[in-house]
Each structure stands twice: as structure tokens, then as C-alpha cells.
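J.: Residue numbers (the working numbering), protein chains in the order written: chain X, 1 to 760; chain L, 1001 to 1273; chain R, 2001 to 2054; chain C, 3001 to 3412. Ideal Cβ placement from N, Cα and C applies to all residues, glycine included.
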Amino acid sequence: MKIDRRCFLSFVIGGALGTALTPVPWKLTDDIAIWTQNWPWTPVPEEGPSIYKKSVCTICSGGGCGINVRTIKGQAKKIEGQPDYPVNRGSICPLGISATQHLYGPSRIQSPLKRAGKRGEGRWEKISWDEAISTVSEKLSALRNQKKPHTVTCIAGSDRGTVAYLLERFLTAYGSPNFIRALSSFDAYELAFSLTQGQQGTLGYDLANSDFIVSFGAELMDGWGTAGQMFSLYPGNGKKSNLVQVEPRLSDTAAMANQWIAAKPGTESALALGIAHVIVRDNLYNKNFINNHCFGFEDWEDKNGKAHQGYRSLLRQYPPAKVAETTGIDKGTIESLARGFARAKRPVAIGGRGGHLASGGLDEALAVQALNALVGNINQPGGVVVVPEPDYLSWSEMKTDKTASEGLRQPRIDEAGTDKFPNTRFLLNRIPEAINRAKGESPIQALLVTGGNPLYTMPNTEAAKKAFDKIPFIASFSTYMDETAQHADILLPNHHFLERYEDVPTPAGTPTRVIGLTRPVVKPRFDTLHIGDVIIRIAGSLGGFIGQAFPWKNYQEFLKQTLSKQWETLEKQGYWVDSEFIPPRWARAFNTPSGKYEFYPQERNNPSGKDTDALPGFRPADLPGNPDKMPLTLLPYSSIRIAGGAVANPPFMTKTVDADVIRNNDIFVELNPGTAKKLGFSEGDAAILKTPAGEARVRIHLFEGLMPGLVAMPTGLGRNAFSSYIAGKGANVNALLADIAEPGSGLNKAWASRASLVKA
Amino acid sequence: MTKQEQHTSTKRYGMVIDLDRCTGCGACMVACYAENNVPFSKDESDKMLTLNWIRVFKVDNGKPFPDTEICYIPKPCMQCDGEHMDGHSPCVSVCPAVATDYDHLTGIVSQIYTRCFGCRYCMAACPYHARKFNWWDPVWPAEMEKYLNPDVSVRMRGVVEKCSFCYHRYQKARNKAYLEGRDEVYEDEYQPACVEACPTKAITFGDLLNPEHQVYKLSKSRKAFRLLEKLNTNPKVYYMTSKKWVRRKTDNYIENESPGETRNSSKTQKASH
Amino acid sequence: MFPFIFEWEWDIAHLVFMGAAGFAVSIIGAGITYCILKTIYDTATEDGGEKGHH
Amino acid sequence: MTTPAIPEGVKRCSTGKFALGLAVAGAVLLWGVYAMFLVWYKGLNQTGMDNAYGFALWIWADLAIIAFGGGAFFSGFLTYIIGRKELKSIINYAVIIGVICYSSALLILGLDVGQPLRGWFIFWHANVHSMLTEVAFCLSLYLGVLVIEFIPVVLENPKLDRFRFIHHFSHNMHEVMAVFAATGVFLSFFHQGSLGGVAGVLYGRPFSFREGLLIWPWTFFLFTWSAAAVGPCVTVLITWLTEKIAGKKLVKQEIFRMLGKISGWMLLTYMIAKIADTWYWAAVTAPSKGFALMDFYTNNPIYGIWILIAELVVCGLVPALILISRKGRENNFLLAGAMILAVIGIGINRWVMILQVMAAPLLPFQDWYMYMPTWQEIATTILPIAYGTILIMLAYRYLPIFPQEKELNPGS
């Protein structure tokens, strides 16, 4: 016993000492140290030489910023601005920088898919490209056999560049007039330019050379136009330009502006007309331009001898005192703003709101554009310019068969270009109504969605979704599983923009004529196919004249051929600038019936025939809903930190959004503290926001920078597709907005909505 | 103090952020996430749990509509020189395991992720909340690991991380200079990701001791100031604004005291070692 | 803690701190060692049957 | 059965009753252990801490528990160094409480770090400038000392004492206990102080920052002093509670009064220093950093000036005055009440020096940061109580802790 115990003790002590002297404990500690430092599930990025590849970012609807992508071993690592790119000069927005997250993220559609469950249920069956293409071809072929080619509609994200032209060409050869561009904040302005100047093209604002910018709600720093370009122009260029921001909410643009003028929402056109009133009254307008190159400034007689009112006499209805009352802006402010604008060397007036897609109607656009005409800054340095359609897109004439010709003669489903809305080119927002109005089967039998994600971006989204449900066949070409793709029958995923070739013509807002080249930075990650190739292949399998209209082997060959003149430059530096493009002189600039700038747009569709309805005017939208029950106005606002359009916020972007905008999947609406007090709300309270279109659960954030009586809600949240990293955050403001067709243009005039807030 | 440190090329890298130019777009933040492999989670809305090395704050002047003004304040790690300009920044002196250190050659406060054992004392010490903790194991869903930058090691759960002024970029630039037989790293050779990404060029970066660098002059501007200067942390991140109310929002003032009166005597540009 | 760590710098604070820590450890160690040795001695030298003396 | 497990001459409750008690405490312990493993397995996201609260409930628990365990070092100091031999009647228990407190503190520290497996880096890569390094070194060493002090008590269990080697060993350790106690006092002085230094050195945090002497902020000394003041109170209160549960006297009442008197004077002197420190901080230190006193006590849901008054007056001066007055000490209710108040006061002090420091905003555009612990944090903070209860139950049942027990309970 004694010996045993002693043995035991010596064994324990000796053993402990012995172990301590061996390398075992030291080795073990070392192992622990190393192991805790290199957990096998903590990734170790692969090293390698980094290669920068030039391309053009097209992730947003205004897209077109030159980028330099850092790649290592063929993988995209980081997106940086391309300093010499003529649009953005090295500046890019946070969405562009985070595009790698979409490239590699879980929102990607990895192969063609066929719907397996009910529509929108999210159950898919993987199919081959051959099957996908033949499914679409068979469907289209069947519709042609039934003499219904015009029931095929295509919704595209853009109407410029080769892909859009391929689509249009395909529809033409096939026999459908229904190519529809997705909603854009430039819709109304493009229409205003085409009516007053007779020019079709991209609107360019030479902000770099302007010394006085009046922005009627254009959220220049919040995603308007091409975000990267806006940043590179203001205020980063170090030049003091005077920016006046007219907006009921203190946006980031308003905060950067030299002056923030909070006009009542929807009264922007009244303010523009009021400013014009002062300029004309005080004789501050550009006499040369007005006297020699304008039409409809003074009262005039038509060729039948009928007297018409002109712009000058129209302005009498908008004296500053009256405008002050309408807009809620001090009379003196209007006067001094008008004088400041007219006396500046190179002033420019901009409208078009922000990344938010409702453009505000033609009246407002005409009223704002008239200011540019008054000071004669059209096609001038520091002014506005219409950059014409690129001329490289001229291909061989194609033949159409009888079915196609008959189909093409059918009126467009969205009524754009019809007798009802003859001036307007695209009216996506009219589609749901057209479907619902039709008796019997849906006027759209097959819908091809190649961009725009309409089931997220359209106003009154739920109603749009219901209308889309009546379309028997929806094919989506989206790269990501977006809201529209989720609701489609077949998915033919396009390459991510970092994986494909595409031309990027002059992006919105740019005053120069540029073509950029989007190039594959990485090899396609998944079983996706370039949309151009898909169209060529579908056309091929449809055969006949349709097949003949697409003689190219593939999209890349077609692109090279199309851009043969510019290709070498494009390959080398990633962009091509049309150095010959000079905005035409006034004498040759206008393509209107009068050959002049038309204050009174003679071609404007004017059902009433009244002069005041042809001229710009302040005609507030009659928003639906009972103002007693819905005393508030819901104002969507865009934030540069939230992708508000077709593409959703990648996680990086959501990371930058403050906790008083989105928290734990609750969206915050802004409310002026005074309004909140009246309604009995305090910071963080939960509430139900109701509009005639729907309702949403929100929380309250008090913001002094918002006009009393408004509720401001960010665009871009409330996604219900993409991935679990993106969906389910807040509510979609588009779903709460109404759609009111502006008489004559059909554009959506209702960019706001009546609303009420009740405690939740 | 080693010989190397007494070398004449001792630098104090710093930043000057022009708040009048910052539009609050967040490009700096996103560029930083991409450059530095900052992880993300499904719910990024709770800002007290998310990781970011630079965060842009929205500040308002508190005045009622329509006299309200807002200003954005980007806030990276301030890379403090410490009370006595000797590198004893608030965090460095408290770290029990020397997992964060002040580099006397550059003035940059480092963080050694593999040594940090996650006691978070440095977070408690940092008045700027520049330090963030990895509350979760980082996860890159789908193929997102592919975009990770090999120049910056990925952090694991349970350690603290913070802005390094993109120190890996400095190392690259220094190696390049060395290979080319130069002592000096040129100003434009070493710029952090946020500076490069700022689309309005609101951020300037360089050696605060080098008269040829832009920051040298800018940091001495009358408009220049630093956050919480009275704490004597001696940050190397300067701000500029022409708005008086913004100045008031960047430090604490007792009644009747106003910004400017209390300019710190320690605002010397000399590194004291 | 030890000079073989790469970032080691000789520092008076180290000497003071580690000196104090080492001092405490030595005292404790010495105390324990003394007790063990004394006990071994006591156990070995005591006579058989005695029990429980204090 | 050769030797009884229960010490000679004392009576203990039935095994059934004892097992029931163990089961109850064990259940709570298991709950805590479950939470502990959750935290280790899933990480610190299981807590209510966030980027503003690097330190929270656990660090408070650490600071408080070590202050409360201060009874061990201070009693040891009084017994072995000052030579108050009468305290030998309670020193064993003080040591046990100390062991419980210090081992729990280390356990919580082990939980509180993001990478527990790298915890030893604090020794390996020690930054001697960091107060936390000082804490870690002194804490571990002192726990060692406490265990050494505890070992002879364990070895006195009749079943163990049979072995000659153990018998001699325990005897020899008693012989040199003064040396260990002195080392313990030395270590305690530093780690109690360093815990105060933890918050005091944060010059970026005007709420906790204090000027000081050499490298030590005033909080260093205040923490040591306050731990010495409140430690004996905790020892007395737990002994008292043990007596109530056991249903008999274990230590003579004079010992309690004597410790109460010592605590009272310690507390009073501490409060004088603390008030002076607070005054200087409010009038000089904080304003120099742009803060007025009331900035720290307004615009937030909980931290009002009441907490300062509670700490300094209600749970500071009041118990101190009660304890130094003979009348106060002789009234059992007042004695216990004052000691409880003192314990609460030090608890509040440790709380504000950690949690209010984290809560107070620094940049004028920031709000107060609020914090709510999760059940995992609470469970692991309660865990030491369950563990302590079990250890005390075992120790009381099987070890001769209270030398006066036989004398005070002659009947049994």
C-alpha cells in the first residue's frame, strides 16, 4: 500500500515532469496556435499576378461607366473606375464596385431553367440550351402559324446598342411591333426634346462646363443618369458651379447644392414657368435664339389663319406671386433664382428625378426644357444637347413575309405611337391595363423580358403581376433570378456583364458621342449564353426570312462586323469617341415642322385642341385616393446606396445603408418631426403605410429635411427574389404607387401617391 | 528604438477628407469591403454587429425644415499617434497580446489577426469605434470566395479587425520602389482603396511630414480639424469643412465654448521619436 | 514574453514587469518545493505508528 | 467503513437532503455549462455584445467577482501579516470563497475572448503596458496561491489525512502559509489595481479616464482599496448565509463585528478618496475633454445621476458610517444591511466603470449605446454562483473549515 502510493505519486510527478521536458506540450501548443490561426473553413484567396482589364459597367439602367477590373488567375477581384474613360473619368458608384458580388453571388441563374411548379413558386427544372431555344422557337413558331405574331412582346432594358437592335430586328422580321423599353426617368425628357427640337437621341447635359445648374428634382448625386459621371463632374472637379436643387426632400444632391429650394412636390412645372415669367418679364432671355430660332414664343397664326397662343402670353398665367402660392416658395426666391439663371454665362435646367423610374410627365419636361431655350443654351457649351442615335447600326435591309407584315401593321399593345399616344415611343406602364382591358385571351401571348425587371420596377407592382399572370408564356433572359424571372415560365440566362461582349453607346446625360465596349473580364461562370447568340439561334430555328435576317454566326462576329470602323480603337482603349460630333448649329439643329425650336410643339398630341394644352403648363396629377382619408403624400426617393432599378442591392451595398433606413428587414419611412407629432408617431414606431395601390409595414424615421405632410420612402428595397441575402428587406415603394396616364402622352404622371399612416 | 526607425524616411501617413466634397455615396465603404475582404451577413442592417473599416455617418444640423442641412462624415481608423505622439494610441497600449501595433516607419496602426485572441479591450479603448469584431464565422455564399483579394488575409471568427490604410498597398509600393532602387514611395504609388474609389475626390492621402504631398498643406489648412481632438489621441485623419455647425458636431464642447478656441497644442507635425 | 519572439524589443517596462512576475513565481515555487521536500523528509524519518500530530 | 468522510465532532445533514441540494445547484450549473458550450461552439454572437460593447456583463462580472473575492487576500493580509490571529476562524472560508471567485473569473475570461484557444497568447505575447496583461498574470498566479492556501484545508479531510505524506504535506504548508499569503497580497494589490486600471487608462473614454500616479490611474488604487473594503463584507455575508442554512453558529459574532469595523473604516477612507476623485474628474478631467458632468448622466434611458448618488452616498457613505459606529455594528440587522449596501455599491461602481463607459457616446452625432444581455450571458454569469454553492456545500460537509464550530455547537 505504502509502496503503491509512493510509486503512484512518483509516477504522477515524474510523468508530469518528464512530459514537460519532452517536446510534446510545446508541439501541442504550437499546433493549437497554428490551428486556431488557419481554420480550414476560413478561405485563403489564391495568389497570382494581378491583371487589370478594361471594360464598361452596365449594371444600372443608366449604365456606361468605364471600369478597370483587377483580375487574378482569371477571377475578378475588384472593380475600379477607368480614369480616362470619357463618361465617368474614373469615378464609379458603389453599385458598380460591388458588381463582383452579383457575378459570383447566389442570385445568378446558372443554366437554362423550365418552370416545374406553379408560376412564381420557385420550382425549376434544369434544361439544356437546345431545349430552351427550341421551346421558345416552337412557341413563337406556333403563334406565327396562328397568325398572331403581334401578340409577342419584348420588354428590354434599353433601346440603344446592338442587343436592343437585334431584338428590334428580330421582332420586325418575326412580325411584332411590340418592342418596349423599360421605364426610364428620361422618358418624358426624351419626348420633350423630340417635340420641341425634332430630335431623337440621348439627352446630354454639359454639366462640366455649366456655371449655373437648376435641377428640378433630378437627384444628380443620388443616381441620376450615369452616377459615375455625375460624381466626376460635381463637385469633384474642383470647380465652383452653382447648383440649385428643387426638391421637397433634402436629398444628398440638395445637401451638396448651393441652394436647396423645397417646392411642393408636383409643382416643379409651375416653378419652371414662374422662373420663365420673370426672365421674359425682365427681358433677360436670349434675344438672338428666341427671335431667330424659335417658334411659338409669341402668339402666332397657323396656315389657316387661326390665331394661337404663344409661350410668352402663356407665362402671364404664372406670375411669381401666384407661383409662390402654388409651390410654397417665397416670391423673392423665385425672382432671384430666375435672375441668377438668366444672368449666368452657361446656365442649364435639368429635370428627370433620380434613379426612381417615373419621369413626371411631359408637361413638366416641356416647362423645364423651355428654360434652356429661353437662355439659348441648346447645343451650346454648358447647355443641353441631343446626342443622336449611333450610326453604326445600319444593317442590310431585310425581307418580311406576309405574316410578319400583317403583324407589324397591328397597333402596339402599349398604345405608344398609336392615335391615342402618337408622340410616345414606349409605354410599358400601359401594358397591365391593356391586358386587363382585353376581352378573351390576353393580347400578349408571349412575353420576352430581356431587361428592366418590370415586376419589380413597375408602379402598382401587384396589379402588374396579376396582369402578367394572364400572359400564357413568359421567357426571361435575366442574368439573375430577379422578380420577373421568378415569375417566368422559362429562363434563358444571359452572361453577367463581366462575362460578355456588348457595345455601350452614349449613356444618358452624356453630352459627347461615345461608344464603350463591355468585354469579358472572366470566363462565363455558368451555363449561360449571350442574349445576342440566343436571338440569332432562335431566329435560325424559326427559319425563313427571319433566319435570313440574322446571317451571323454568333453575336461576337456580328458585333465586330457592326463596329468594324471602331473595333480597333475599342479593342485597344475600351472606348471610342466620335471626335467629329459637334452639336449642330441652331440653324440646322431643329427637325420640327417649323425647323425651329418649338415652344409650342406643333406635333404634340393635343386631344382638346386648346392652345394651353399644347404649351407646357402646370397641370397637377389627380392622384387617386380620398385626400381626407389619405392626407399624406408618399414620395419615393432614390439613394445612391440602394440600387433602385432592375438589379437589386448586393450585400455590400446593403452594408452601407444606415440603420434608420432599413433595420432587421423593416423599412423606415421618413417623416417630418412636426407631421409625426401630429400623427402621434415617434422615432422607430411601427406603422402601416396605406396607399390606394396597397399597403406596407414600415417604421418611422424622423427627418427634419423632409417637407411636412410627406412620407418619403426609399426605392430599391422590398425585393422578393434574387437570393436570401437580398430578398425580404423592407417593402417595395413601387408597389404603393399609382399609375396615371398623362392625357396625350400616356406617360405616368403619378410619381407620388396619396397615403396614410396608421399605427401598427 | 532600432536604427531603421531613426532613418530619415520616417513617415506619418494620413488622410484629409474634405467634407464639403463628400456626397455620402458610400463608394469608399464598398471599395474597402472589396479590397479588404470584409465579410457580410444576410442581415447587414444592425450596424452594431456588422463589419466595416470605414463608415460614412449622416449628420444634420438639427434645424427644422427648410433650414436643415446634412453632412456626411466618413470615418476610417484614425491611426492615432497617441497622447504623446509616440505611438501609444489608445488601442495599441491596451492590447494584451501585442496583436495591434504602431508602425513607427509609417505611423500606421496594424492589426495581427492571427494573434488577436478577441478580448476586445482595444474596442473599448477606441473612442472612434473604428474597431469591429468578427461575431460570426465569415461566409461567402455561392462562388463569392472567388473575388477575395489575396493581398489581405481573411479574418476568422472571434478576432478584431480595422482599417489598415490598405497597408498591403504600401508594402507593394515599397517593394516596387526598392526594386527600382528608390528610397521614396511616390505619393500616387500608395493610395488606400477608399481614397482611390472616392468618386468626388474628397479624400486626399499621403505623408503628413512630406511638404511635397498634398496632405501636408491640406492638413495645415485653417479649415482642417480632427475628430475628438480634445481626447489627445492625435489622429492622422484630418477633415475639412467650411460649415461651422459641422465643426461643432465633431468634438465635444462644454457650454459657451466654441470650436477653434481649443485648438490643441499637440497639433504639431513633428514625430517625436 | 520571451526575447525570441520576432517583434521583441528590450524595454525597461518588460524587465520590471517580468521581474516582478518572476519574483512572485519564484517565491511560490520555492515555497512549494520546500513543502514537498520537507514532507518527503518528514514522511521518511517519522516513526511507524504515530498519527495525527499537529 | 474505516474513516468517516465528515470531519470529526461535527454534525452534517442527511445524505438525501445533501443530494437534493446538490441536484438543485447542479441543475443551475448545467444550465450555465450548456450556455458556456453554446458560446464556445457558436461564438460570441450568442451574447448581447456588439461593436460598441466590447466589454459587457461578463467583464462586469469579472470585476465584481474579484472585488468580492478580495476578502481572501485582505483576510490573509490581516491574519498572516498584521497578525490578527482571531481571524483564523474565518480565513479558511475566505480562502474557499476566494478560490470560487477567482476560478470563476478566469472561466468567464475564457468565455469572453473570441478565440479561447489562443487565450495563452496573453502570456506568450504579453504586452506589459496593458492593464489586461497585468490582470492575467496576477490573476492566474494569485489563483495558484489561493489553491495552495486551499490545499491544506482539503487535505484535512479525515479520509485524506490518514495518509502520512498528505498529513505532513498539509502540516508543512500551514507552516509556510504566511509566505504564500504575503505573495498573494502582493499579487492581489496589482491585479485588483489593474482591474481598476483597465477602465482608468482609456484616455479615449472621458467617462472612465483618470489621471494618476506614474503609470497607474487613480482607479488603480481605488479598486484595490475598495476590494479590500468590500471583500470581508462578502466573506461575512456568505458565512452568515451558511449559518442560516446550516442552522447553527459557525463563527463567533465578534469576528463579524471586527471585520465589519475594518470594512467600515476601509470603506469610509475609500469613499473619501472616491468622492475626491469624482470631484476632480467632474471639475477638471472631463471638462478638459469637452464634457460636462451631466453629459454623462442625461439623454439616455437608464444612466441618470441617481446611479452616482446610489454609488457614492446610499451604498457608499451610508454603510461606511453604519459600520464604523459601534451601535451600527452591534445591531445585526444594521450590520448585515450595511454590508449588503456596501457590496451593492461596489457592484455599481464596477458596472459603471465598464458598462456606462461603453454606453456613453463620444461623438456628438452619436446616441447612447444600449445593451441587453442574452440568456447565455446571464446563465454563464449565474454559473459561478451554482458552482460556488456546490463547492461550498462539499467543503462545508467534508472539510474542517470552521475551527470554532465544535466550540460554538457543543451539543452536537
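1) Give me the residue from X:Ile334, X:Asp330, X:Ile290, X:Tyr285 with the minimum Cα distance to lysine 345 (chain X).
2) If you pair each beta-carbon of the region 725-745 of chain X with each one of the region 690-702 of chain X, do three or more pairs fall below 8 Å?
3) Taking only three categories from DSSP, how would you classify cysteine 1091 (chain L)?
4) If you follow the beta strand (DSSP E) that glutamine 445 (chain X) is part of, which residue opens it and which one closes it?
5) Touching or not, the region 3128-3144 of chain C and the region 1105-1112 of chain L, by the rule of three or more beta carbon pairs under 8 Å?
6) Examine the Cβ distances between the region 3010-3028 of chain C and the region 3176-3194 of chain C and report whether three or more of them are shorter than 8 Å.
7) By the criterion of Cβ-Cβ separation under 9 Å, what are the contact partners of asparagine 1052 (chain L) in chain X?
8) Going along chain R in order, which residues have a C-beta closer than 9 Å to the C-beta of leucine 3139 (chain C)?
9) What's the gap between the Cα of isoleucine 3006 (chain C) and the Cα of glutamate 3156 (chain C)?
10) Do the region 710-724 of chain X and the region 153-166 of chain X make contact, defined as three or more Cβ pairs closer than 8 Å?
11) Please report whether the beta-carbon of tyrosine 205 (chain X) lies at a distance below 7 Å from any beta-carbon of chain L.
12) Use the C-beta contact count for phenylalanine 3074 (chain C): other C-beta atoms within 10 angstroms, 16 or more gives buried, fewer gives exposed.
13) Please confirm whether glycine 236 (chain X) has its beta-carbon closer than 7 Å to some beta-carbon of chain L.
14) Given glutamine 200 (chain X), which residues of its chain have a CB within under 6 Å of its CB, disregarding the five upstream and five downstream residues?
15) Work out the CA separation of tyrosine 1253 (chain L) and glutamine 245 (chain X) for me, nearest whole Å.
16) Listed from N- to C-terminal order along the chain, which residues in the region 1030-1050 of chain L have their beta-carbon within a distance smaller than 9 Å of any beta-carbon of chain B?
17) Can you tell me the Cα-Cα spacing of methionine 221 (chain X) and methionine 1029 (chain L), whole angstroms?
18) Between the alpha carbons of asparagine 1052 (chain L) and glycine 1158 (chain L), how many angstroms are there, rounded?
19) Would you kindly report the start and end of the unbroken alpha helix (DSSP H) that includes alanine 741 (chain X)?
20) Between the region 214-229 of chain X and the region 521-540 of chain X, are three or more C-beta pairs nearer than 8 Å?
21) Mind checking serine 1272 (chain L): buried by the 16 CB within 10 Å criterion, or exposed?
22) Looking only at C-alpha atoms, which of C:Ala3229, C:Ala3072, C:Gly3110, C:Pro3319 sits nearest to alanine 3094 (chain C)?
23) Assuming leucine 747 (chain X) and glycine 361 (chain X) make a contact with CB atoms under 8 Å, what is their CB distance in whole Å?
24) Return no unless some Cβ of chain C is closer than 7 Å to the Cβ of threonine 1100 (chain L).
25) Quick one, which of X:Ala255, X:Cys294, X:Phe558, X:Ile275 has its alpha-carbon nearest phenylalanine 341 (chain X)'s?
26) Identify the contact partners of glycine 2031 (chain R) in chain C, using a Cβ-Cβ distance below 7 Å as the criterion.
27) Please identify the residue among X:Pro265, X:Ile378, X:Asp252, X:Ala349 whose C-alpha is closest to the C-alpha of asparagine 288 (chain X).
28) Please classify leucine 3253 (chain C) as buried or exposed, where buried requires at least 16 other C-beta atoms within 10 Å of its C-beta.
29) Kindly indicate if chain C contains any beta-carbon less than 7 Å away from that of threonine 2039 (chain R).
30) Compare the C-beta of phenylalanine 3189 (chain C) with all C-beta atoms of chain R and state if any pair is closer than 7 Å.
31) If you check the beta carbons only, do alanine 182 (chain X) and leucine 448 (chain X) fall under 7 Å apart?
32) I'd like to know if histidine 3125 (chain C) contacts chain L, where contact means its C-beta is closer than 7 Å to some C-beta of that chain.
33) Pull up the DSSP beta-bridge partners for lysine 690 (chain X), would you.
34) Going along the chain, which residues of its own chain have a beta-carbon closer than 8 Å to the beta-carbon of asparagine 258 (chain X), five neighbours each way excluded?
35) Could you check whether asparagine 1037 (chain L) and valine 1154 (chain L) sit closer than 7 Å to each other, using their CB atoms as the reference points?
36) Under the three-state reduction of DSSP, which class applies to valine 1237 (chain L): helix, strand or coil?
T.: With the structure as the only source:
1) X:Tyr285
2) yes
3) helix
4) From DSSP, glutamine 445 (chain X) is part of no beta strand (DSSP E); its letter is neither H nor E.
5) Taking 8 Å as the limit for Cβ pairs, the verdict is that the region 1105-1112 of chain L does not touch the region 3128-3144 of chain C.
6) no
7) Lys655, Thr656
8) In chain order: nothing, as chain R lies at least about 12 Å away.
9) 11 Å
10) no
11) no
12) buried
13) Low local confidence applies: a pLDDT of 42 at glycine 236 (chain X) is under 50, so the model's placement there is unreliable, with the coordinate-based value given in what follows. Chain L contact via Cβ: present.
14) Within the same chain, glutamine 200 (chain X) has close Cβ partners Ser194.
15) 33 Å
16) Among the chains of the structure shown, chain B does not appear; the protein chains present are X, L, R and C.
17) 17 Å
18) 15 Å
19) No alpha helix (DSSP H) contains alanine 741 (chain X), which DSSP labels as neither H nor E.
20) no
21) In this prediction, serine 1272 (chain L) has a pLDDT of 38, which is less than 50 and means its spatial position is unreliable; nothing more can be read from the coordinates.
22) C:Ala3072
23) 5 Å
24) no
25) Phenylalanine 341 (chain X) has its Cα closest to that of X:Ile275, out of X:Ala255, X:Cys294, X:Phe558, X:Ile275.
26) Val3176, Val3179, Phe3180
27) X:Ile378
28) According to the sequence provided, residue 3253 (chain C) is glutamine. The question's leucine does not apply to it. By the neighbour-count rule (16 or more Cβ atoms within 10 Å), glutamine 3253 (chain C) is not buried but exposed.
29) Closer than 7 Å: yes.
30) no
31) Not in contact: alanine 182 (chain X) and leucine 448 (chain X) (Cβ atoms no closer than 7 Å).
32) yes
33) X:Glu695, X:Ser756, per the DSSP bridge assignment.
34) Asn242, Leu243, Val244
35) Against a cut-off of 7 Å, the Cβ pair of asparagine 1037 (chain L) and valine 1154 (chain L) comes out as a contact.
36) In the displayed model, valine 1237 (chain L) falls within a strand according to three-state DSSP.
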